[in-house]
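Numbering (our numbering), first residue to last: 9 to 299.
Just so you know, even glycine gets a beta-carbon here, dropped at the ideal spot from N, CA and C.
Remember, it's a predicted structure, so these values are computed and weren't measured experimentally.
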Ligand SMILES: Nc1ncnc2c1ncn2[C@@H]1O[C@H](COP(=O)(O)OP(=O)(O)OP(=O)(O)O)[C@@H](O)[C@H]1O
Ligand SMILES: [Mg+2]
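Okay, structure coming up:
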């Protein structure tokens, strides 16, 4: 009878060890992964003036992809203006966006920011000039303030409040039980979709980077939140080079240039009214309400 309890604990211990081993295997697999995009210390910092972005004959194929996701793309993203990318699912919009902060390395062609090849400048300086607002927002199981500070660790209370005001997030934060000190739960589970979006916009505003990459969320919001998010985006993108993957007509109408993508190619560009007349692909996207 006395040996029963120790044997039971041994069995539990065994289970804990195996769980640990399985977890360690997964972690080491990530740690041992070879770094493909290296930051070379000798590279100079990226110097930004207007933040014009240029793609020259850029092609990219994912390792596991059958075909190139982006095919010999030539593209000028004008500095301090809004450029919108539109196209069906799988057209290559996110791929183009992911190449700019060098999340992936193109197989051929060059990407230049203010005439500097992005592979010849330090990775840290490149990414410090870019704010990314993606479809799936990553928030931490921490309070509102710390979630925003993630973009600028030395931000003052005033800076945070100001960014939240511009992002139209201040008003809902003030109604939370502990305001800026309220824990928002894992991945912001205690917030609505529109609130999460506005928090991520506040984060981008506080970073104050000259280049904004915005993957507009597809999930629909009610009219009121929609307007607030649109205002927040307007404040964020003012005088910044903005590349937006647009799903909403309101965004598209604000864009200075719209790029239409299909199967990894650019099949049209221009303004909304002009494209409706000249591009069959754009007209079809519009009539099927993809945008
Ligand atoms: N990580 C990946 N590995 C392999 N293939 C991928 C990967 N990501 C995307 N692709 C493929 O590359 C092509 C372009 O994908 P991309 O994500 O750029 O499309 P998208 O225009 O952003 O589409 P959506 O509107 O659905 O977001 C697609 O054919 C897709 O299947
Ligand atoms: Mg995408």
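- Beta-bridge pairing by DSSP links residue 139 to 220.
- For residue 64, no alpha helix (DSSP H) encloses it; the enclosing beta strand (DSSP E) starts and ends at 61-68.
- When rounded, the separation of the alpha-carbon atoms in residue 180 and residue 15 is 54 Å.
- The beta carbon of residue 198 is closer than 7 Å to those of 192 in its chain, skipping five residues each way along the sequence.
- When the beta-carbon positions are compared, residue 190 and residue 154 stay at least 8 Å from each other.
- Secondary structure of residue 125 (DSSP, three-state): strand.
- Rounded to whole angstroms, residue 158 and residue 213 show a C-alpha spacing of 12 Å.
- DSSP, read as helix, strand or coil, puts residue 283 in helix.
- In this structure, ligand 1 has a non-hydrogen atom nearer than 7 Å to the beta-carbon of residue 70.
- In the DSSP annotation of this structure, residue 9 is not part of any beta strand (DSSP E), being labelled neither H nor E.
- Remark: C-beta atoms of residue 209 and residue 241 approach each other more closely than 8 Å.
- Beta-bridge annotation (DSSP): residue 239 is not paired with any residue.
- Residue side-chain check: residue 128 keeps its Cβ at 7 Å or more from all non-hydrogen atoms of ligand 1.
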